[in-house]
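First up is the structure itself, then whatever we jot down about it.
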Amino acid sequence: MPNARPTIGVLALQGDVREHLAALRAAGADAIAVRRPDDLHGIDGIIIPGGESTTIGKLLVIFEVLEPLRKAIEGGLPAYGSCAGMILLADRVEDGTPDQVYLGGLDVTVRRNAFGRQVDSFERAVDLTGIGPFQAVFIRAPWVERAGSSVEVIGRCDSRIVAVRQGSLLATSFHPELTGDHRIHQLFVTMVEAGR
Ligand code: GLN
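My numbering puts the sequence shown at residues 245 to 440.
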């Protein structure tokens, strides 16, 4: 019999890994840290955490996780990226560094450090489709500048797109793992369960 709780990985090369592991467990998933290609076997979904997208990209190459994870996402592995994770999941990035690497998959153009140019970090209540008002923490956050036709915009902050969904991919500019409000992790767990 398959495990009743889905197993969701958190990419654990850099960033706020522990908070995502805790939020996933609170949202009803088994959560494991993913550092090596082998860790990808047996997970039903993955979270790419916030942190620094250029550093996470370099470590993805060094730990040889970039290609297998890219293929897994291409093959339908559900993925949720918050902040730096949103940047890593984007198909197109403005203001990345020249040698920066990405996983891709989400048909969006993301502007890196977009809010960060105005103010490094702030909190705001964002109205999320299907969830309602959500107190969102933004830290040197990107925004989505353009979204393809298959992308559903589920949240905006000051008219900027800050939360999107495309099939089994989810991304937010902000950090729900820092607030103790697990509704976005619950949404992702539901998406993962739907794909099992
Ligand atoms: N500005 C960071 C980057 O470019 C993202 C910040 C974050 O994840 N809090 O990766």
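Beta carbons: idealized from backbone N, C-alpha and C, even for Gly. All figures in this text were calculated on a predicted structure; none of them were measured in a lab.
Nonlocal neighbours in the same chain, by C-beta distance under 6 Å from R336, ignoring five residues either side: By 1-based counting over the sequence shown, the position of residue 336 is 92. For R336, where only same-chain residues beyond five positions count, the Cβ hits under 6 Å are T353.
Whole beta strand (DSSP E) elements within the stretch 322-391, 3-residue minimum: 323-326, 334-338, 350-355, 365-372, 376-383 and 387-391
Can you tell me where the alpha helix (DSSP H) holding R269 begins and where it ends? In the sequence shown, the residue the question calls residue 269 occupies position 25. Residues V261 to A270.
Please state the DSSP three-state secondary structure of L313. As a working mapping, residue 313 is identified with position 69 in the sequence shown. Reduced to three states, the DSSP call for L313 is helix.
Check each candidate in L413, A438, I405 and I292 and name the one with the smallest Cα separation from E421. As a working mapping, residue 421 is identified with position 177 in the sequence shown. The shortest C-alpha separation from E421 is found at I292.
Tell me which same chain residues have a C-beta within less than 7 Å of the C-beta of G325, skipping the five on either side of it? Mapped onto the sequence shown, residue 325 falls at position 81. Result list for G325: I292, L332, L333 and A415, in chain order.
Same chain only: Cβ atoms within 6 Å of A346, ignoring 5 sequence neighbours per side: Position 102 of the sequence shown holds residue 346. In the sequence on display, residue 346 carries Tyr and not Ala. Same-chain partners within the cutoff: L332.
Check R427 in the structure and name its three-state DSSP category. On the sequence shown, residue 427 is found 183 positions in, with the first residue counted as 1. The answer is helix: DSSP assigns R427 an H, G or I state.
Using a Cβ-Cβ cutoff of less than 8 Å, which residues in the same chain neighbour R356 once the five nearest sequence positions on both sides are dropped? If you number the sequence shown from 1, residue 356 lands on position 112. Here the set comprises S297, I331, V337, E338, D339, G340 and P386.
Could you tell me the distance, in whole angstroms, from the CA atom of I410 to the CA atom of L350? Against the sequence shown, residue 410 aligns to sequence position 166. Against the sequence shown, residue 350 aligns to sequence position 106. Note that residue 410 is Gln in the sequence shown here, rather than Ile. Whole-angstrom Cα-Cα distance: 7 Å.
Mapping DSSP to helix, strand and coil, what is D288? Residue numbering aside, residue 288 sits at position 44 when the sequence shown is read from its first letter. The answer is coil: DSSP assigns D288 none of H, G, I, E or B.
Please report the Cβ distance between P342 and P312, rounded to the nearest whole angstrom; I am assuming they are in contact, meaning their Cβ atoms lie under 8 Å. Here the question's residue 342 lines up with position 98 in the sequence shown. Here the question's residue 312 lines up with position 68 in the sequence shown. The beta-carbon distance between P342 and P312, rounded to whole angstroms, is 25 Å. This is too long to meet the 8 Å contact definition.
Candidates R440, A266 and V278: closest to L257 by CA position: For this step, residue 257 is matched to residue 13 along the sequence shown. Selected option, being the one with the closest Cα: V278.
First through last residue of the alpha helix (DSSP H) which encompasses V305: To locate residue 305, count along the sequence shown from 1; it is residue 61. Note, V305: alpha helix (DSSP H), S297 to I306.
Would you list the residues sitting across from L437 in a DSSP beta bridge? Counted from its first residue, the sequence shown places residue 437 at position 193. A small fix is needed here, since residue 437 is Glu in this sequence, not Leu. Its beta-bridge partners do not exist; DSSP assigns none.
Neighbourhood of E396 by C-beta, 8 Å cutoff - its chain only, sequence neighbours within 5 removed: As a working note, residue 396 is residue 152 in the sequence shown. Contacts found: T373, V408, R409 and Q410.
Based on DSSP bridge pairs, tell me the residues matched to I398. Counting from 1 along the sequence shown, the entry for residue 398 is found at position 154. For I398, which the question treats as bridged, DSSP gives no partner whatsoever.
What distance in whole Å lies between the Cβ atoms of A380 and F418, which are believed to be in contact at a cut-off of 8 Å? In the sequence shown, residue 418 corresponds to position 174, counting from 1. In the sequence shown, residue 380 corresponds to position 136, counting from 1. That belief holds up - the Cβ atoms of F418 and A380 are roughly 4 Å apart, short of 8 Å.
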